[in-house]
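Numbers 212 to 454, taken from the working numbering, label the letters of the sequence shown in order.
All residues carry an ideal CB built from backbone N, CA and C; glycine is no exception.
Structure record follows, encoded as structure tokens.
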Amino acid sequence: MSSEILSVLEYMEKEKGIGRADMIATITNALKTAAQKGVNSGQELKIEINERNGQMHAWALLKVVDSVSDPKTEIHIEKAKGIAPGAQIGDIVEKEIDPSTLGRIAAQTARQAVMQRLRQFEKDRIYDDFKDQVGNVVTGTVRRRERGDLYIDLGKAEAVMNSREQVPGEEYQPGERIRCLLLAIDSTPRGPEIILSRSSPKFVRRLFELEVTEIADGTVKIEAFAREPGYRTKIAVTSTDPK
């Protein structure tokens, strides 16, 4: 399993930007939960995964007693001292177990839980990466058009420009670079959806602020703004420079 885990760690780190520590926490928690519902039911486990090579180690956490009534949760004092020489009644000792004993069903259940957690990681990451970009101009690559909507690759996520946010007469081909306003991030059952716009008056305003030095430095202030997307744009400005 170590090679499989290592492959997951490497892929998610390189391709998805999810750190190994986060991934390991996800995998170990999923394995523990799945195992405790399966053949290791009722047993408290400790699982560690080596970040470098993906090797996994597992321990059963057992309470030291002088009379064992449940072998899954307890260990006799004499056996406990073979693991931890200073063990005393009431202590918890860690007895290493073969990870393969966690069971096939537990492993399958863990994989499902891991994939669910990964999807949540990606949803959270998309929101965190773009939440501070709302209202800013972003650049992406056109990927495809579906039912009038334009799907654009922003590098770390895919965004959509609905037909109502497009400018009449503008046509874009797959692979073409495009600048848009990041209008909003909507919550959907599938996760965050990034909404782009080229028809919003805010888009042209932001372009002027980016391209016109006097507006960017505050020398010229936009007082009023009117736009008919694809036809005309009118801007009323004032200057703070007495010259």
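Query, Result
"Would you report the Cα separation of Ile229 and Lys274, rounded to the nearest angstrom?", "36 Å"
"If contacts are defined as beta-carbon pairs under 8 Å, then Ile168 and Lys306 qualify, I think. What distance do you get, rounded to the angstrom?", "In the structure as shown, the chain begins at 212 and stops at 454. Residue 168 is therefore absent and cannot be evaluated."
"Rounding to the nearest angstrom, what Cα-Cα distance links Asn373 and Arg417 in this structure?", "20 Å"
"Please determine if the segment 376–395 and the segment 407–415 are in contact, where contact requires at least 3 C-beta pairs separated by less than 8 Å.", "yes"
"Measure the alpha-carbon distance for Ala298 versus Asp277 and round it to whole angstroms.", "12 Å"
"DSSP has Leu361 in a bridge; who is on the other side?", "Arg356 and Met372"
"Is the segment 367–382 touching the segment 332–349, taking contact as three or more C-beta pairs under 8 Å?", "yes"
"Report the residue from Arg401, Arg356 and Ile405 whose alpha carbon sits nearest the alpha carbon of Glu382.", "Arg356"
"Evaluate Thr237 with the Cβ neighbour count: other Cβ atoms within 10 Å of its Cβ, from every protein chain shown; 16 or more gives buried, anything less gives exposed.", "buried"
"Less than 8 Å between the CB atoms is what I'm expecting for Ile303 and Ala269, so what's the real figure, rounded?", "At roughly 15 Å, the Cβ-Cβ gap does not stay under 8 Å, so Ile303 and Ala269 are not in contact."
"Quick one: what does DSSP say Ile300 is sitting in, helix, strand or coil?", "coil"
"Kindly indicate which three-state DSSP category Val276 falls into: helix, strand or coil?", "strand"
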